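First comes the structure, then the notes that go with it.
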Amino acid sequence: MSAALVGGRGWLALSALAALAALVFVIALAVGIGKMPISPATTFAAVINGLGLTDLPVRRIEAAVIWDYRLSRALVAALCGAGLALSGAILQSLLRNPLAEPYVLGISAGASTGAVMVMLLGFGAGTLSLGFGAFVGSLAAFVFVVLLAGRGQSADRTILAGVAASQLFNALTSWIVTTSANAEQARSVMFWLLGSFAGVRWPDVALAAGVLGAGLLTCLAHARALDALTFGEDAACSLGIDVRRVRIVLLAVTALMTATMVSIVGAIGFVGLVVPHAARFVVGPDHRRLLPATALVGALFMVLADIVSRLIGAPQILPIGVVTALVGVPFFAVILYRAKGAE
Numbered sequence: 000m001s002a003a004l005v006g007g008r009g010w011l012a013l014s015a016l017a018a019l020a021a022l023v024f025v026i027a028l029a030v031g032i033g034k035m036p037i038s039p040a041t042t043f044a045a046v047i048n049g050l051g052l053t054d055l056p057v058r059r060i061e062a063a064v065i066w067d068y069r070l071s072r073a074l075v076a077a078l079c080g081a082g083l084a085l086s087g088a089i090l091q092s093l094l095r096n097p098l099a100e101p102y103v104l105g106i107s108a109g110a111s112t113g114a115v116m117v118m119l120l121g122f123g124a125g126t127l128s129l130g131f132g133a134f135v136g137s138l139a140a141f142v143f144v145v146l147l148a149g150r151g152q153s154a155d156r157t158i159l160a161g162v163a164a165s166q167l168f169n170a171l172t173s174w175i176v177t178t179s180a181n182a183e184q185a186r187s188v189m190f191w192l193l194g195s196f197a198g199v200r201w202p203d204v205a206l207a208a209g210v211l212g213a214g215l216l217t218c219l220a221h222a223r224a225l226d227a228l229t230f231g232e233d234a235a236c237s238l239g240i241d242v243r244r245v246r247i248v249l250l251a252v253t254a255l256m257t258a259t260m261v262s263i264v265g266a267i268g269f270v271g272l273v274v275p276h277a278a279r280f281v282v283g284p285d286h287r288r289l290l291p292a293t294a295l296v297g298a299l300f301m302v303l304a305d306i307v308s309r310l311i312g313a314p315q316i317l318p319i320g321v322v323t324a325l326v327g328v329p330f331f332a333v334i335l336y337r338a339k340g341a342e
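Numbers 0 to 342, taken from numbering that gives the first Met the number 0, label the letters of the sequence shown in order.
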């Protein structure tokens, strides 16, 4: 038994190292892709110069492109992918629904509404104002769902409340765009709503990293409760877990992570649906392993999606949400088909 346990842990450690190596590789690949051709050697020199490790000769424009644009873009993609995937894993566990993700609760729709209000109605300017608007919108959606779901906040009622919240806030976003934006603004907002990493910079990296770190630690602190909720609320209550408190805390964390990522890159769907299932297939249902694995696979998935969005539409860049939907919709259909077969 102990040998099997050690073997299992060794396999998990090896898988984690392989995933980390793959993430580093795809980030390096993403940094090397762009309209301006820059050699791998120059890219490497610019990165280690930016880290303060060396002072190799690199042209200023190439150093600026690599450090200020491409590297920050790749890191934001990784962090946002990790945050959205982690949010999906939490919602699937809380609601015991394999199709749950941030969009089910309308959290992303609320965040989009808040961010669009800032962008078009002038409620402040800059990244912090946009992030604050998105958080207020996601919090409004979260409160709406809690009130509509009722005191018991069962999984089915919460999902239905989320659908209603999604429709409401999507309608509000459309109304704001229709009444407040000119043609060029409407085009920019709609492109942003489909997800875009254009224009992200190092302050966005710091913001996404801070929120993701806090969210991951909070979720790991509730890993035991999430494991218990897998067997139902009654089983969790019998183990002394305050189900209502856990549900509210983790839904609030999900709202915060989703709002932050939406404020930075726009609304990106299906990451929270696809990635948790892939991670669960590899590491199993234990949330102490599942949550870090989901974040890691989500980061890898999003960086790869960003690379694909820049390659298949060249010289134009596809909205990142288009790429994730091309992967997510077939995956959604497979899950739905399997669920129907299990009935």
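The beta-carbon is built from N, C-alpha and C at its ideal position, and this holds for glycine as well.
Nothing here was measured: the structure is a model prediction, and the numbers come from that model.
Non-local C-beta neighbours of R200 in its own chain, meaning closer than 6 Å and more than five positions away in sequence, comprise S71, ordered along the chain. Counting C-beta atoms within 10 angstroms of its own C-beta, D54 has fewer than 16 neighbours from the protein chains shown and is therefore classed as exposed. Three or more Cβ pairs closer than 8 Å define a contact, and the stretch 290-299 meets that threshold against the stretch 78-87. Approximately 6 Å separates the beta-carbon atoms of G327 and L272; this is inside 8 Å, confirming the contact.
The closest CA to that of T259, considering only L146, A332, T217 and L138, is found on L138. Excluding sequence positions up to five before and after A235, its CB lies within less than 6 Å of the CB of A227, L228 and V242, all in the same chain and listed in chain order. Inter-residue distance for L193 and N169 is about 13 Å (C-alpha atoms, whole angstroms). Around the beta-carbon of P39, fewer than 16 other beta-carbon atoms lie within 10 Å, marking it exposed.
Every alpha helix (DSSP H) stretch that sits fully inside the stretch 13-76 and reaches 4 residues is listed by chain position as 39-49 and 59-63. In terms of Cβ geometry, G132 and V117 form a close pair [threshold 8 Å]. With respect to A220, S111 sits apart: the two C-beta atoms are not nearer than 8 Å. Leaving aside the five residues that flank G214 on each side, the residues in its chain whose CB is nearer than 6 Å to its CB run, in chain order, V252 and M256. Boundaries of the alpha helix (DSSP H) around E232: E232 to S237. For A292, the CB contacts under 6 Å within the same chain, skipping 5 residues up- and downstream, are A278 and V282 in chain order.
Per DSSP, G268 is not a residue of any alpha helix (DSSP H), being assigned neither H nor E. Boundaries of the alpha helix (DSSP H) around I306: H286 to L310. A distance below 8 Å between beta-carbons, with the five flanking residues on each side excluded, links V162 to the following residues of its chain, in chain order: V103 and G105. Scanning A18, M189, I32 and A84 for the CA closest to the CA of V270 turns up A84. Assignment of G87 by DSSP, reduced to helix, strand and coil, places it in the helix class. By the CB criterion at 8 Å, A29 and I311 fall outside the cutoff. The beta carbon of L22 sits closer than 8 Å to those of A77, L295, A298, L299 and V302, all from its chain and outside the five residues before and after it, given in chain order.
The beta carbon of L317 is closer than 6 Å to those of S308 in its chain, skipping five residues each way along the sequence. Within the same chain, and ignoring the five residues on either side of A108 in sequence, the residues whose Cβ sits closer than 6 Å to its Cβ are S165, F168 and N169. Contact annotation: I334 and P101 have beta-carbon atoms that are not nearer than 8 Å. Sorting A20, F330 and W66 by C-alpha distance to the C-alpha of I47 places W66 at the top. Within the same chain, and ignoring the five residues on either side of V135 in sequence, the residues whose Cβ sits closer than 6 Å to its Cβ are G113. Around the beta carbon of D203, a 10 Å sphere encloses 16 or more other beta carbons of the protein chains shown; the residue is thus reported as buried.
When the beta-carbon positions are compared, L119 and S179 come within less than 8 Å of each other. Look at E100 here: in three-state DSSP terms it is coil, with no helix or strand label. G31 and G209 have their C-alpha atoms spaced approximately 26 Å apart. Considered as a whole, the stretch 142-198 harbours 154-179 and 182-192 as its complete alpha helix (DSSP H) runs of no fewer than 4 residues, in chain order. No residue range can be given for L317, since it is assigned to no alpha helix (DSSP H) and is classified by DSSP as neither H nor E. Exposed is the label assigned to A17, since fewer than 16 other Cβ atoms lie within 10 Å of its Cβ. Within the model, the alpha-carbon separation for A88 versus R59 is close to 42 Å.
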